[in-house]
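Worksheet: the structure to be examined is printed underneath.
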Ligand SMILES: Nc1ncnc2c1ncn2[C@@H]1O[C@H](COP(=O)(O)OP(=O)(O)OP(=O)(O)O)[C@@H](O)[C@H]1O
Ligand SMILES: [Mg+2]
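Residue numbers (the working numbering), protein chains in the order written: chain A, 8 to 279; chain B, 12 to 317.
Right, dumping it as structure tokens:
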């Protein structure tokens, strides 16, 4: 038995296409410990969403397996909540109803009023109180994203799977939601932390939030490296950025992130 | 909106013209019932003025006024070519006042006929809705079954429902039950096909989203698949509803003892074209009213769309 919360083993994922199959992920293995905050970074199209889709249980691997609490993942489960890259609210439900509907699926004991109350609480946390009676089509992209985040957080599951959840947000909202996420991840006592798998393009975001960062390479997606984030918590954003070792750590990650592009262009430094 | 925008509109000029031409001498030898037309036009104008007070949105007000404007112009031309200049055969083309007074005279008969027709439509259509939507949902959920069913549906919906009438008459005891049966068949296929295509085409993102929320089967059907397919279901319903009217009026002309189709057919057999035209116009108004209400209902249920 493994001791990790999530165990990803020799995962290969194919997309079936007309002529031949397309291998999106090849031989991906790494463990995620209970209560760990893990970020996945990598170039666009390298298979980050694909990896999450297997963890979510909506995509089956061609080879390998994913174990959660020692059990093989075989479909979706109520121990996980998800923020998709494409938000995916139900267009016929108001923002509030969307969040309440998510809560209803995992916390059956709550009454309708209680569900709506929890929904309102989380919509308030993501700054959408005023928009709770609007339909998704009446919200901006960033607002829809925040509503989807509110839904996932309100479901209060052991595992959170988030695919670039802050990509459509402005700097202010992004920082506020990062703080919120950290607070909810840690929970009331650090005994029962949630386990978070977080996909992002933003290296600073990954460093600020994570315990561990998994760097993927493209075509097919494989694990390039797994790096533990050496900065103790709680982290202060300004202090962190000012540190010398932060800059060194960041550029190390950056060079991993861009190594395949750099290789292709011919080894010149990529200006960012 | 300014008072000018609200009350100084072309529509009122058209109304005035309509009133003024009534002063011209009648050339037609037949009864033209100018007073009925005047009463009708004044009532219409009163409605316009009340609506001008009530309607808030500029576009809705313009639309309402334009529609009434068209009605006034239409009545003006109609009056001129019949009563005033007698350009048309006055047996085939009664003056508008005549049609209006005929309507007033036959009010009770017409109302009973409307009730009978609309009642049959509602019964047949609702039966189709109640049968087709659940069946379409269940069959559509299974992609393989759904695909096979779509081909069968294509076959059945390609049979013009009117040809079911003779068989229906052999099968069922009363004209009413035949009509309900035929309308049921005619609405069933488009609603069933719409529901299935709705279910088969639900966005994968939506389904995935529901799956990761662990929505259980029954809720998946009622809270996710059904609302997601609703736009397509309504497409089918609209199609069914418009076919229903065509069918029913045709059926009524073949074998009924009441209903609007019967009214039109009966009097045209006697050469009473005033009543025939009255019947035609009433059918038009009833169809518009029913479709309007149904559209309102649809807009309400689909209010979440852009
Ligand atoms: N449904 C699909 N059918 C076929 N190929 C797919 C499908 N989804 C993804 N792919 C392919 O798999 C690869 C990985 O896609 P994926 O969406 O996982 O990338 P990603 O890392 O999440 O990218 P991004 O950062 O742009 O979101 C891509 O090359 C893509 O073309
Ligand atoms: Mg992605």
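Every residue gets a Cβ at the ideal spot worked out from N, C-alpha and C, and that includes glycine.
Where residue i falls: helix, strand or coil (DSSP)
i: residue 40(A); result: coil
i: residue 229(A); result: strand
i: residue 192(B); result: helix
i: residue 314(B); result: coil
i: residue 22(B); result: helix
i: residue 31(A); result: strand
i: residue 50(A); result: coil
i: residue 179(B); result: helix
i: residue 175(A); result: coil
i: residue 235(A); result: strand
i: residue 131(A); result: helix
i: residue 77(B); result: helix
i: residue 78(A); result: strand
i: residue 169(A); result: strand
i: residue 129(B); result: helix
i: residue 279(A); result: The predicted model places residue 279(A) with a pLDDT of 46, which falls under 50 and marks its position as unreliable, so this point remains unresolved.
i: residue 71(A); result: strand
i: residue 45(A); result: strand
i: residue 95(A); result: coil
Cα-Cα separation, residue i to residue j
i: residue 45(B); j: residue 112(B); result: 9 Å
i: residue 172(A); j: residue 183(A); result: 13 Å
i: residue 305(B); j: residue 43(B); result: 37 Å
i: residue 194(B); j: residue 137(B); result: 10 Å
i: residue 252(A); j: residue 237(A); result: 9 Å
i: residue 303(B); j: residue 97(A); result: 28 Å
i: residue 53(A); j: residue 151(B); result: 35 Å
i: residue 169(B); j: residue 197(B); result: 10 Å
i: residue 315(B); j: residue 244(B); result: 15 Å
i: residue 175(B); j: residue 208(B); result: 25 Å
i: residue 36(A); j: residue 187(A); result: 30 Å
i: residue 199(A); j: residue 72(A); result: 26 Å
i: residue 15(A); j: residue 48(A); result: 16 Å
i: residue 235(A); j: residue 140(A); result: 42 Å
i: residue 99(B); j: residue 89(B); result: 10 Å
Limits of the beta strand (DSSP E) - the one that residue i falls within
i: residue 205(A); result: 202-206
i: residue 162(A); result: Looking at the DSSP string, residue 162(A) is not in any beta strand (DSSP E), and its letter there is neither H nor E.
i: residue 224(A); result: 219-224
i: residue 87(A); result: 87-90
Counted within 10 angstroms of its Cβ, other Cβ atoms place residue i as buried (16 or more) or exposed
i: residue 177(B); result: exposed
i: residue 239(A); result: exposed
i: residue 121(A); result: exposed
i: residue 162(B); result: exposed
i: residue 214(A); result: buried
i: residue 168(A); result: buried
i: residue 56(B); result: buried
i: residue 22(A); result: exposed
i: residue 105(A); result: buried
i: residue 55(A); result: buried
i: residue 172(B); result: buried
Cβ pair residue i, residue j closer than 9 Å
i: residue 152(A); j: residue 94(A); result: yes
i: residue 69(B); j: residue 106(B); result: no
i: residue 192(B); j: residue 143(B); result: no
i: residue 13(A); j: residue 229(A); result: no
i: residue 108(A); j: residue 158(A); result: yes
i: residue 232(B); j: residue 312(B); result: no
i: residue 161(A); j: residue 110(A); result: yes
i: residue 118(A); j: residue 127(A); result: no
i: residue 332(B); j: residue 275(B); result: There is simply no residue 332(B) to check, as chain B begins at 12 and stops at 317 in what is shown.
i: residue 94(B); j: residue 39(B); result: yes
i: residue 211(A); j: residue 248(A); result: yes
i: residue 319(B); j: residue 294(B); result: This structure gives no information on residue 319(B), because the portion of chain B shown stretches from 12 to 317.
i: residue 218(A); j: residue 45(A); result: yes
i: residue 78(B); j: residue 289(B); result: no
i: residue 83(A); j: residue 146(A); result: no
i: residue 113(A); j: residue 85(A); result: yes
First through last residue of the alpha helix (DSSP H) which encompasses residue i
i: residue 17(A); result: Not the alpha helix (DSSP H): residue 17(A) falls in the beta strand (DSSP E), residues 13-22.
i: residue 54(B); result: 45-65
i: residue 251(B); result: 237-266
i: residue 161(B); result: 154-168
i: residue 7(A); result: Lying outside 8 to 279, the shown extent of chain A, residue 7(A) is not represented and no answer is given.
i: residue 263(A); result: 251-264
i: residue 291(A); result: Here chain A comprises residues numbered 8 to 279, so residue 291(A) is not present and cannot be evaluated.
i: residue 216(A); result: 210-216
Short CB-CB distance (under 9 Å) between residue i and chain E
i: residue 96(A); result: Note that chain E does not occur in the displayed structure, where the protein chains are A and B.
Under 5 Å from any heavy atom of ligand 4, by CB: list those residues in chain order, please.
-> For ligand 4, the structure offers nothing, since it holds only ligand 1 and ligand 2.
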